[in-house]
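Engineer: Quick one: the structure is below, questions incoming.
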Amino acid sequence: MKILLLEDIKGLGKKGDICEVKDGYGQNFLIAKNKAKHATHEVINRYKAEQAKIAQINALEMAERKQLAKSLEDIEVVLYKKGNNGTLFGSITKDEIACELEKTHRLSIDKKEIDIKTPIKSAGDFAVEVKLGNGIHANLKIRVVVE
Numbered sequence: 001m002k003i004l005l006l007e008d009i010k011g012l013g014k015k016g017d018i019c020e021v022k023d024g025y026g027q028n029f030l031i032a033k034n035k036a037k038h039a040t041h042e043v044i045n046r047y048k049a050e051q052a053k054i055a056q057i058n059a060l061e062m063a064e065r066k067q068l069a070k071s072l073e074d075i076e077v078v079l080y081k082k083g084n085n086g087t088l089f090g091s092i093t094k095d096e097i098a099c100e101l102e103k104t105h106r107l108s109i110d111k112k113e114i115d116i117k118t119p120i121k122s123a124g125d126f127a128v129e130v131k132l133g134n135g136i137h138a139n140l141k142i143r144v145v146v147e
């Protein structure tokens, strides 16, 4: 019996593989537990169409992330913070950077994507890394001004 695996099965194959198994194992275990489907032409074609659609969506998301990274490279975020003699009362947080990006540039970045290597506790120009997933990074310029 030919089956299409719906998940990885140790010793048999990976998700999407078409395998030849004994009828009892395929019918009574794999298909009964929704780990596989009987490999008809219709099932195989539907699976290939779903995979093509997923690949297309992933390509669009990747292009959007690359575009976002390019726009982040060109932006400078200016933050005004209370302080004394060039030092701040407290430090700049990821949340403050994300809120300022949303407010001034209308770019929605999750604060978890912002990586501040060293705490920003003084006035000046700094660079923080924004990790957008799938190996796409952008350096965002931050200018801190003491009020």
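Each step along the sequence shown adds one to the number in full-length UniProt numbering, with nothing skipped, and position 23 is 23. Glycine included, every Cβ here is placed at the ideal spot set by N, Cα and C. These numbers come from a predicted model, not from an experiment.
Any idea which residues DSSP pairs Gly124 with across the strands?
Structural biologist: Val144
Engineer: CB Leu68 to CB Val43, shorter than 9 angstroms?
Structural biologist: no
Engineer: Measuring alpha carbon to alpha carbon, tell me which residue in Asp115, Arg143, Asn84 is nearest Lys131.
Structural biologist: Asp115
Engineer: Taking only runs that begin and end inside the segment 27–104, name each unbroken beta strand (DSSP E) of 3 or more residues, in chain order.
Structural biologist: 36–38, 76–81, 87–92
Engineer: Could you check the C-alpha separation between Val146 and Ser71 for me, to the nearest Å?
Structural biologist: Distance between the alpha carbons of Val146 and Ser71 is about 26 angstroms.
Engineer: Specify, as a first and last residue, the run of the beta strand (DSSP E) that Glu20 falls within.
Structural biologist: 18–20
Engineer: What residues match up with Leu5 in a beta bridge as DSSP calls it?
Structural biologist: Ala36
Engineer: Within its chain, find whatever has a CB closer than 8 angstroms to the CB of Lys15; leave out the 5 residues flanking it on each side and keep chain order.
Structural biologist: So the qualifying residues of the chain are Leu5, Leu6, Glu7, Asp8.
Engineer: In or out: Ala59 buried (at least 16 other Cβ within 10 Å) or exposed?
Structural biologist: exposed
Engineer: Using the three-state DSSP reduction, which class does Asp23 fall into: helix, strand or coil?
Structural biologist: helix
Engineer: Apply the 10 Å Cβ neighbour rule to residue 156 and answer buried if 16 or more other Cβ atoms are within range, or exposed otherwise.
Structural biologist: What the structure shows of the chain is the stretch from 1 to 147, and residue 156 is not part of that stretch, so it cannot be assessed.
Engineer: According to DSSP, simplified to helix, strand and coil, what is Lys112?
Structural biologist: helix
Engineer: For Arg46, which residues from the same chain have a beta carbon less than 6 angstroms from its beta carbon, with the 5 sequence-adjacent residues on both sides left out?
Structural biologist: none
Engineer: Compute the distance between the beta-carbons of Val78 and Glu64, then report whether it is under 9 angstroms.
Structural biologist: Not in contact: Val78 and Glu64 (Cβ atoms no closer than 9 angstroms).
Engineer: Select from Gly135, Asn134, Lys117, Tyr25 the residue whose C-alpha is nearest the C-alpha of Lys94.
Structural biologist: Lys117
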